[in-house]
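Engineer: Please see the structure below; I have some questions.
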Ligand code: NAI
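Residue numbers (my numbering): 901 to 1186.
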């Protein structure tokens, strides 16, 4: 499976960066979004990002001209899917909408085109009935910001062939990433499961009064060499988001998750983290 031309669907936070990263390496890329205003924004963002790379001396004018020639913004899905070897779906995290898009894509691509989803939570088998060739369907999970973060997780479900997973692994490696290959589907994939385990343990110690959030962070940063402890990281990603996740777990299982009371006590005070000026730490600038 020789990937040469790639289509990215969704021009939001993730899609635009995945697409541009792909064009840099250098693959031919098309990008489509259902919202025309997003596509206009992608064009402006591409201009300013590439101009910035030249200004900082990170890219030459010639390199940028090459990237531009390989990066095509398309106003229809038909145009974006034409003759591509790989489709990367990076649209809104809604099962019904993704399912609809996979059916549309399936009708437009060649039978040998690989279809991948960048979903942060949904394993690709969720969509195996939406495509004619589930053996060419897998997760390809990037991290934010996708232009910078090196990890890409390839997740191979039972429906997915070894060749497809290998092609995605090679593609990720060829586009400057350090991929990992999960041979079985698992909710949360690798990195977010590890992170979740750290969060749970850290919150439990604080809830039980063994130590403060700041002490947990010192232990992780100074003893384990983590660049940031879990509470400092949670302040950055937002305690409102952390609360939403725990509340959903609580609603689904009926069992109060570890850390729920701790996070709720911050959430109720509006201490959402760095963006609110206060979380587990206080911040001068938001
Ligand atoms: P976003 O909200 O920035 O972008 C989603 C885009 O999808 C929007 O521009 C929207 O117009 C477009 N869209 C919606 N319906 C569409 C359709 N039918 N056809 C074409 N485009 C459509 O979302 P973001 O953050 O870029 O997330 C995209 C995917 O990436 C989600 O599945 C998310 O779970 C996943 N992800 C997000 C990460 C993050 O840190 N934000 C990290 C890793 C994965």
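Ideal Cβ placement from N, Cα and C applies to all residues, glycine included. Quick caveat, the model's predicted, so the values are computed rather than measured.
#1: Is there at least one non-hydrogen atom of the ligand NAI closer than 8 Å to the beta-carbon of residue 993?
#2: Expressed to the nearest angstrom, what Euclidean distance is found between the alpha-carbon atoms of residue 926 and residue 1180?
#3: Measuring CB to CB, does residue 988 end up less than 9 Å from residue 915?
#4: When the Cα of residue 974 is compared with those of 953, 1153, 943, which residue comes out closest?
#5: I'd like the ranges of any beta strand (DSSP E) spanning at least 3 consecutive residues and lying wholly in the stretch 1033 to 1087.
#6: Does the ligand NAI have even one heavy atom less than 8 Å from the beta-carbon of residue 913?
#7: Buried or exposed, going by whether 16 or more other CB atoms sit within 10 Å of the CB of residue 959?
#8: Measure the C-alpha to C-alpha separation of residue 1070 and residue 1063 and round it to an integer number of angstroms.
#9: Would residue 907 and residue 929 be called neighbours here (beta carbons separated by less than 9 Å)?
#10: Can you tell me the Cα-Cα spacing of residue 1021 and residue 1089, whole angstroms?
#11: Residue 1079 and residue 1099 - do their beta-carbons sit closer together than 9 Å?
#12: Return the chain-ordered ranges of every alpha helix (DSSP H) run that is complete within the stretch 952 to 1021 and spans a minimum of 4 residues.
#13: Which residue wins for smallest C-alpha separation from residue 1189, given the options 1166, 1103, 934, 1058?
#14: Should residue 1160 go down as buried or exposed, given a rule of 16 or more other Cβ atoms within 10 Å for buried?
#15: If we count the other Cβ atoms within 10 Å of its Cβ and call it buried at 16 or more, is residue 1048 buried or exposed?
#16: Quick one: grab the DSSP three-state call for residue 907.
#17: Excluding sequence positions up to five away, which residues of its chain have a Cβ less than 8 Å from the Cβ of residue 976?
#18: Quick check on the burial criterion: 16 or more other C-beta atoms within 10 angstroms. Buried or exposed for residue 980?
#19: Measuring only the C-alpha atoms, how far is residue 986 from residue 1169?
Structural biologist: So, to answer that:
#1: As a working note, residue 993 is residue 93 in the chain shown. Residue 993: yes, Cβ under 8 Å from the ligand NAI.
#2: In the chain shown, counting from the first residue as 1, residue 926 sits at position 26. In the chain shown, counting from the first residue as 1, residue 1180 sits at position 280. Taking the CA atoms as reference points, residue 926 sits about 43 Å from residue 1180.
#3: Within the chain shown, residue 988 is the residue found at index 88, counting from 1. Within the chain shown, residue 915 is the residue found at index 15, counting from 1. Yes, they are a contact pair.
#4: As a position in the chain shown, residue 974 is number 74, starting the count at 1. For residue 974, the nearest C-alpha among the options comes from 943.
#5: 1037 to 1042, 1051 to 1055, 1078 to 1082
#6: As a first step, residue 913 is located in the chain shown; it is residue number 13 there, counting from the start. Answer for residue 913: yes, Cβ within range of the ligand NAI.
#7: By one-based count along the chain shown, residue 959 stands at place 59. The residue in question, residue 959, is buried, as its Cβ has 16 or more Cβ neighbours within 10 Å.
#8: For the purposes of this step, residue 1070 is identified with residue 170 of the chain shown, where counting begins at 1. For the purposes of this step, residue 1063 is identified with residue 163 of the chain shown, where counting begins at 1. Between the C-alpha atoms of residue 1070 and residue 1063 there is a straight-line separation of about 10 Å.
#9: Counting from 1 along the chain shown, the entry for residue 907 is found at position 7. Counting from 1 along the chain shown, the entry for residue 929 is found at position 29. Against a cut-off of 9 Å, the Cβ pair of residue 929 and residue 907 comes out as a contact.
#10: Locating residue 1021 in the chain shown gives position 121, where the first residue counts as 1. Locating residue 1089 in the chain shown gives position 189, where the first residue counts as 1. Spanning the two alpha carbons is a distance of roughly 8 Å.
#11: As a working note, residue 1099 is residue 199 in the chain shown. As a working note, residue 1079 is residue 179 in the chain shown. Contact: no.
#12: 961 to 970, 977 to 981, 995 to 1008
#13: The structure shown does not extend to residue 1189, since the chain is modelled only from 901 to 1186, so the question has no answer here.
#14: In the chain shown, counting from the first residue as 1, residue 1160 sits at position 260. Flag for residue 1160 reads buried.
#15: As a first step, residue 1048 must be located in the chain shown, where it is residue number 148. Residue 1048 comes out exposed.
#16: If you number the chain shown from 1, residue 907 lands on position 7. Note: residue 907 maps to strand in three-state DSSP.
#17: Counting from one through the chain shown, the residue named residue 976 turns up at place 76. Once the five neighbours on either side are set aside, the close Cβ partners of residue 976 are 932.
#18: Translated into positions along the chain shown, residue 980 becomes position 80. Label assigned to residue 980: buried.
#19: Along the chain shown, one-based indexing puts residue 986 at 86. Along the chain shown, one-based indexing puts residue 1169 at 269. If I take the Cα positions, the gap works out to 46 Å.
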